[in-house]
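Working notes, structure below.
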Amino acid sequence: MKLYKKESKQLVDASLEECWHFFSDPSNLQKITPATMGFQVTDFDQKKMYQGQIIAYKISPLLGIKMSWVTEITTVRDKEFFIDEQRFGPYSFWHHKHYFEETPQGTLMTDVVHYGVPLGFIGRIMNSLVIEKQLETIFKYRHQKVEQLFNKK
């Protein structure tokens, strides 16, 4: 399996506390995901994020076909970082680190995603043609939504 990496950084005009509160709440994911993904959180326990928390979603990444996606929060360091890993879903591997760093200008958020796609050679072609571009689109959309939500100056 080939492992791919996607990294994104964004400076947010908000305190570390505000950023952590928003991004560590799974109910806010839908607010920063393109509507075209048909993203919907279907199950989580409404508690503050914790290690071992399971979150279930429905997504429609291709041609409106609904898929289930289940992630587990595997690591949480309060106001520093958290990691979500896919337990069931469209990827053969998914590991997403969310870092938060307080700076004099606001909060620097860094996302690092390592992912693998199924289907071997066909999956690698699909990644080049569709998946990589779709992830880039999602990251750009999130960047714009975060700008709208936090960087209102």
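First residue of the sequence shown: 170, per our numbering; consecutive thereafter.
The beta-carbon is built from N, C-alpha and C at its ideal position, and this holds for glycine as well.
No experiment lies behind these values; they were computed from the predicted model shown.
Start-to-end residues for the alpha helix (DSSP H) that takes in residue i
i	result
Gly292	289 to 295
Glu186	185 to 192
Run of the beta strand (DSSP E) containing residue i, from where it starts to where it stops
i	result
Phe308	Looking at the DSSP string, Phe308 is not in any beta strand (DSSP E); the run it does join, the alpha helix (DSSP H), is 301 to 319.
Pro230	223 to 231
Met278	275 to 285
Gln179	173 to 181
Tyr268	262 to 272
Asp212	209 to 212
Through-space distance from residue j to residue i, alpha-carbon basis
i	j	result
Lys219	Lys309	In the sequence as displayed, the identity of residue 219 is Tyr instead of Lys. About 27 Å.
Val181	Asp280	13 Å
Leu304	Trp263	12 Å
Tyr284	Lys175	8 Å
Gln317	Thr306	17 Å
Leu277	His312	12 Å
Thr243	Glu254	7 Å
Lys314	Pro287	30 Å
Gln179	Phe319	11 Å
For residue i, the nearest candidate out of the options (CA to CA)
i	options	result
Pro230	Gln209, Ser184, Ser196	Gln209
Lys217	Lys227, Pro273, Trp238, Pro195	Pro195
Gly275	Glu187, Lys175, Ser177, Lys171	Glu187
Thr211	Lys174, Asn320, Val239	Val239
Pro273	Ala183, Ser177, Lys178	Ala183
Leu198	Leu277, Gln179, Lys227, Ser177	Lys227
Ile224	Asp214, Gly233, Leu232	Asp214
Gln222	Ile252, Lys171, Lys235	Ile252
Gly289	Tyr260, Gln313, Thr243, Asn320	Tyr260
Glu241	Asn320, Gly258, Lys235, Met170	Gly258
Next item on the list: Kindly confirm or deny that the stretch 294 to 301 and the stretch 183 to 200 touch, where touching means at least three C-beta pairs closer than 8 Å.
Entry: No contact exists between the stretch 294 to 301 and the stretch 183 to 200.
Note to self: I'd like the ranges of any beta strand (DSSP E) spanning at least 3 consecutive residues and lying wholly in the stretch 233 to 258.
What the structure shows: 234 to 246, 250 to 257
Item checked: Contact the stretch 199 to 208 vs the stretch 286 to 298: 3+ CB pairs below 8 Å -> no
Item checked: Given 8 Å, three or more beta-carbon pairs between the stretch 262 to 271 and the stretch 241 to 250 -> yes
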